[in-house]
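There are 2 protein chains.
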Amino acid sequence: MVCPHQVEWGGLVEGDSALGSRSAAEASTIRPTLKDVAREANVSQKTASRVLNEERYVRPEVRDRVKEAILRLGYRSNDVARTLKLGTTRTIGLVIADISNPFYASCAQGVARVARRRGYTVVLSASDEGLQEEREYVELLVRQRIAGLLLVPAAGDHGYLSSERSRGLPIVALDRPLVGVDSDCVIVENEAGMRAMTAHLVAHGCRRIAILCGSPDIYTYGTRLQGYRRALETAGIDERIRIINPTVEGATAATLELMSEPDPPDSICCVSNRVTVGVLAALVRLGVSVPDDLAVIGFDDFELSDVVRPRVTMVRQPAIELGMRAATLLIDRVEGLESGPPRTVTLPVKLMIRDSCGTHESGTQEAQCELGGQDGHDVPDGQG
Amino acid sequence: MVCPHQVEWGGLVEGDSALGSRSAAEASTIRPTLKDVAREANVSQKTASRVLNEERYVRPEVRDRVKEAILRLGYRSNDVARTLKLGTTRTIGLVIADISNPFYASCAQGVARVARRRGYTVVLSASDEGLQEEREYVELLVRQRIAGLLLVPAAGDHGYLSSERSRGLPIVALDRPLVGVDSDCVIVENEAGMRAMTAHLVAHGCRRIAILCGSPDIYTYGTRLQGYRRALETAGIDERIRIINPTVEGATAATLELMSEPDPPDSICCVSNRVTVGVLAALVRLGVSVPDDLAVIGFDDFELSDVVRPRVTMVRQPAIELGMRAATLLIDRVEGLESGPPRTVTLPVKLMIRDSCGTHESGTQEAQCELGGQDGHDVPDGQG
DNA sequence: TTGTAGGCGTTATCAG
DNA sequence: CTGATAACGCCTACAA
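From first to last, the protein sequence lines are chains L and V. Here my numbering is used: the first residue of the first sequence is 24, the next is one more, and so on. Here my numbering is used: the first residue of the second sequence is 24, the next is one more, and so on.
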């Protein structure tokens with residue numbers, strides 16, 4: 024089916040836009056330009072441009088003529104050209120670890136929401152926690168002249184970003200701070216959250232408390248581990264640290280192993296929703312009864328945490344808000360609405376007390392963690 | 024901290040790149056151009072360009088000089104300019120309904136994986152099932168001159184896309200075909216899947232089989248509903264159709280209502296993972312025992328479907344592969360590797376038999392649905 | 001092997 | 001109010 028525009032369009036093929044026939048692969052190039060619109064409307068290019076950008080000083084009559092031409096030709100302005108001229112994109116680059124982790128998906132959702140609201144476009148990339156991949160993506164994004172960069176940094180040194188930063192690229196770290204550059208960052212109360220979790224286990228009589236933790240080189244795991252240690256230290260209890268691959272499969276394997284050892288734990292702290300899910304899967308397979316045989320507590324919510332029996336006690340992070348705050352901060356930087364030194368925004372987490380740590384619990388209770396403030400607190404960093 | 028490049032850079036401020044001081048908001052513009060590199064290396068711009076693109080015919084000595092200049096200046100080529108000149112991006116636009124639905128997240132993951140492998144960048148947008156929002160996003164993407172468009176169409180007519188298509192923009196529909204334009208599309212066996220689900224319930228003695236379904240205007244729901252109806256027709260059983268808002272909350276509310284009515288169903292078919300999760304939440308709350316009091320079966324897997332007790336019988340769709348196939352097809356079109364008429368790729372689904380439909384089940388069994396082939400089948404459409 | 005001139009589609013400048 | 005003309009940063013032709 025040939026749309027009517029096609030017909031109109033046919034008459035312009037002679038134009039100097041070099042609109043001859045091309046191979047299918049190149050066909051996407053056959054689009055009318057502002058010059059075509061101008062010719063069609065019998066005005067200069069600049070006038071057409073004026074209409075397009077809704078500038079003043081265009082006679083209504085002329086304006087209508089141009090608008091008509093735009094419609095007739097199915098003209099779409101070329102942001103590539105405009106960007107080149109203006110020197111600034113309305114695109115933000117988002118580099119996360121893994122889209123299939125609901126936590127990051129929620130962060131991305133928050134980012135997307137704010138971006139849309141403020142007229143920005145989001146380029147998404149997944150680094151899979153690899154610094155090398157992250158660098159490649161950032162390189163690509165910089166080439167594309169993104170207005171700002173939002174990233175969940177992989178483990179390792181991010182000094183490579185300092186040249187970008189010094190060239191004025193706004194960067195906001197999400198979920199974890201950057202190592203080796205300073206930048207804004209939006210994180211949650213990792214240590215306090217885990218401390219609260221561990222203390223909760225202690226309060227329920229647990230003494231052989233294991234933690235299944237990803238590499239402490241990754242900030243979130245490192246700080247959460249720290250919280251665990253401090254809580255145990257306070258309680259005078261020995262640590263049982265297991266560094267694992269923090270995936271569902273990794274956690275399942277580790278749990279299977281852990282529970283088959285002599286002197287197994289009486290409780291497990293999970294450092295992420297992936298780990299919690301993996302632990303639960305293993306326990307179900309083993310027929311271990313929670314919380315009777317073993318208590319389980321997790322950092323970060325997961326879908327069904329409230330539906331699974333027993334309902335899992337865990338610390339909830341505001342994932343969507345994390346994304347929204349990060350995006351807001353970034354765009355504020357981009358637009359110059361925010362111009363102070365790098366700042367760290369720390370959002371509060373909540374301990375949701377349910378049934379997986381002992382029968383004393385009843386109903387879902389919420390407990391703000393020690394550091395928690397209603398809206399998080401905002402700390403300007405020391406110095407650059 | 025001032026990085027060493029800054030110093031080098033300082034010497035160039037006089038250049039005709041107009042690198043004077045600017046406001047913080049515009050600072051991202053102060054980047055060296057190829058011209059700066061050329062001057063720094065004492066060669067022509069073209070020579071610098073040659074080195075950048077690794078063309079032949081550059082004396083090694085000169086090449087090194089240029090590379091050094093690039094490094095010293097921290098030069099990053101400007102893809103915006105390059106794109107304008109070349110007339111073609113390496114960006115694909117992805118419009119999905121909702122990132123927080125793990126199904127779409129997985130699709131996006133598949134897309135991202137292929138895109139990365141083939142050197143493309145992905146711009147992500149979420150339409151929230153709104154046709155209007157979808158249009159706005161597409162408009163934006165077209166302006167950005169994406170090389171191709173990948174979308175999960177919202178309900179409604181997509182005739183608005185035909186002008187883009189006729190201008191040569193490759194479009195691949197994901198999860199649902201487009202209405203009103205023809206295009207490639209990658210979907211799963213919706214009807215067969217739901218027919219198998221329903222038949223499975225019938226085989227387990229269910230007779231009051233309800234379906235919780237989203238608006239049939241959305242292709243996936245429409246076809247799944249069709250599968251349900253056909254299976255019941257075959258079995259000579261009455262329909263119990265409930266059109267709901269297919270979210271977790273919507274399904275929970277509907278289930279609560281459904282179960283409190285006189286003559287409640289003996290089984291529920293869920294049209295999506297969102298619905299299944301919502302149903303389970305409601306049943307847990309009501310204390311309804313599955314499968315004893317009620318059988319439950321779902322379309323589309325969800326995390327923990329295999330961990331929750333009883334384990335939920337459901338039809339699994341290959342979400343990641345869906346995304347990968349769609350992206351592959353799209354990029355093949357973009358690059359002209361694929362040039363025939365629009366084609367529809369249908370991927371098979373699998374019925375995973377577990378415990379939520381009756382005690383006859385034991386262990387997880389897999390059953391390929393009727394139409395299933397190993398790799399899906401590929402049907403060139405009728406005609407344009 | 002290297003350099004010069006011109007244009008991709010916009011917008012900005014500055015006259016008419 | 002409107003229109004030539006010159007960039008934006010890169011690449012393709014076409015010389016040298």
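Each residue gets a CB set at the ideal place from its N, CA and C atoms; glycine is no exception. From a predicted model like this one, the values you see are computed outputs, not experimental measurements.
> What residues from chain L crowd round Arg54/V, counting only those whose CB sits closer than 7 Å?
Replying inline: Listed by position along chain L, the residues whose Cβ is nearer than 7 Å to that of Arg54/V are Arg190.
> According to DSSP, is Leu327/V helix, strand or coil?
Replying inline: Coil, per DSSP.
> For a contact meaning CB atoms closer than 9 Å, what does Ser2/V contact in chain L?
Replying inline: Any answer about residue 2/V is impossible in this case: the structure gives chain V only from 24 up to 407.
>> Let me see if you follow: with CB-CB separation under 8 Å, is Val15/V close to chain L or not?
In response: It is not possible to answer for residue 15/V, since the shown part of chain V is limited to 24 through 407.
>> Suppose the cutoff is 6 Å on Cβ atoms and the five residues either side in sequence are ignored; what does the same chain contact list for Pro365/V look like?
In response: Excluding residues within five positions, the ones whose Cβ falls inside 6 Å are Asp205, Ser206, Asp207, Asp404.
>> Judging by CA-CA distance, which residue of Ala135/V, Arg139/V, Val118/V is the nearest neighbour of Ser154/V?
In response: Checking the displayed sequence, the identity of residue 154/V turns out to be Leu instead of Ser. Sorting Ala135/V, Arg139/V, Val118/V by C-alpha distance to the C-alpha of Leu154/V places Val118/V at the top.
>> Using the three-state DSSP reduction, which class does Cys292/L fall into: helix, strand or coil?
In response: Of the three classes helix, strand and coil, the one that applies to Cys292/L here is strand, per DSSP.
>> Which of the three DSSP states is assigned to Thr367/L in this structure?
In response: Thr367/L carries a strand assignment under DSSP once its states are collapsed to helix, strand and coil.
> How is Arg339/L classed by DSSP in three states: helix, strand or coil?
Replying inline: Residue state, collapsed to three classes: strand.
>> Can you look up Ile93/L in the DSSP assignment and give me helix, strand or coil?
In response: Here Ile93/L sits in helix by DSSP.
> Identify the residues that DSSP records as bridge partners of Val146/V: which are they?
Replying inline: BP columns for Val146/V point to Val146/L, Gly116/V.
>> Please list, in chain order, the chain L residues whose beta carbon lies closer than 8 Å to that of Ile354/V.
In response: Within chain L, no residue comes near Ile354/V; the closest Cβ sits about 11 Å away, beyond 8 Å.
> In chain L, what lies closer than 7 Å to Ile122/V by C-beta?
Replying inline: When 7 Å is used as the limit between beta carbons, Ile122/V is near these residues of chain L: Ala128, Ala131, Gln132, Ala135, in chain order.
> Helix or strand or just coil, what does DSSP make of Gly395/L?
Replying inline: Unreliable placement is indicated for Gly395/L, whose pLDDT of 41 sits below 50; no coordinate value is reported for it.
>> With distance defined between alpha-carbon atoms, name the residue in Arg265/V, Glu358/V, Ala120/V, Ser186/V nearest to Gly203/V.
In response: Among Arg265/V, Glu358/V, Ala120/V, Ser186/V, the Cα nearest to that of Gly203/V is on Ser186/V.
> Between Ala277/L and Arg265/L, is the Cβ-Cβ spacing less than 8 Å?
Replying inline: Closer than 8 Å, so yes.
> DSSP beta-bridge partners for Asp207/L?
Replying inline: Beta-bridge pairing links Asp207/L to Val195/L.
> For a contact meaning CB atoms closer than 7 Å, what does Glu326/V contact in chain L?
Replying inline: Within 7 Å Cβ-Cβ: Val300, Glu326.
> Per DSSP, Met347/L is paired with what?
Replying inline: Paired residues: none, contrary to the question.
>> Checking 8 Å against the spacing of the C-beta atoms, do Arg166/L and Tyr183/L come in under that value?
In response: No, Cβ-Cβ distance for Arg166/L and Tyr183/L is not below 8 Å.
>> Strictly below 7 Å CB to CB, what residues from chain L border Leu163/V?
In response: By Cβ distance, chain L contributes Thr144.
> With contact counted as at least three CB pairs below 8 Å, one residue from each stretch, are the stretch 101-118 of chain V and the stretch 141-149 of chain V in contact?
Replying inline: The stretch 101-118 of chain V, when compared against the stretch 141-149 of chain V, does touch it at the 8 Å Cβ threshold.
> Helix, strand or coil: how does DSSP classify Val202/L here?
Replying inline: Coil.
>> Cutting at 6 Å between CB atoms, please list the residues of its own chain near Val338/L, excluding the five before and the five after it.
In response: If we look at Val338/L and ignore the five residues flanking it on each side, its Cβ neighbours are Gly216, Met220, Phe322, Val372, Leu374.
> For Val85/L, which residues from the same chain have a beta carbon less than 7 Å from its beta carbon, with the 5 sequence-adjacent residues on both sides left out?
Replying inline: Answer for Val85/L: Val66, Thr70, listed in chain order.
>> My output table needs one value for Cys229/V: the three-state DSSP class, helix, strand or coil.
In response: Coil at Cys229/V, not helix or strand.
>> Taking its Cβ as the centre, do 16 or more other Cβ atoms sit within 10 Å of Pro422/L, making it buried, or is it exposed?
In response: The structure shown does not extend to residue 422/L, since chain L spans only 24 to 407, so no value can be given for it.
> Taking just the CA atoms, how far does Asp102/L sit from Leu192/L?
Replying inline: Cα-Cα distance, rounded: 20 Å.
>> Please tell me whether Gln249/L has its Cβ less than 8 Å away from any Cβ of chain V.
In response: For Gln249/L, no Cβ of chain V is located within less than 8 Å of the residue's own Cβ.
> In the DSSP assignment, what residue or residues form a beta bridge with Ala318/V?
Replying inline: Answer is Ser290/V.
> Given a threshold of 16 other Cβ atoms within 10 Å of its Cβ, counted over all protein chains shown, does Leu224/L qualify as buried or as exposed?
Replying inline: Counting every other CB atom within 10 Å of its CB across the protein chains shown gives Leu224/L a total of 16 or more, marking it as buried.
> Can you tell which of Ala318/V, Pro314/V, Arg332/V has its C-alpha closest to the C-alpha of Val307/L?
Replying inline: For Val307/L, the nearest C-alpha among the options comes from Arg332/V.
>> So, under 8 Å CB-CB, Ala274/V and Val302/V are touching, yes? Tell me the CB distance rounded to an integer number of Å.
In response: That pair is a contact at about 5 Å.
>> DSSP has Gly182/V in a bridge; who is on the other side?
In response: In the DSSP output, where bridge partners are listed per residue, Gly182/V has none listed.
>> Closer than 9 Å between beta carbons: that is the criterion. Which residues of the stretch 355-379 of chain V meet it against chain L?
In response: Considering only beta carbons, the part of the stretch 355-379 of chain V lying closer than 9 Å to chain L consists of Arg356, Val357, Glu358, Gly359, Leu360, Ser362, in chain order.
> If you draw a straight line from the C-alpha of Lys58/L to the C-alpha of Ala233/V, how long is it?
Replying inline: Approximately 60 Å, taken between the alpha carbons.
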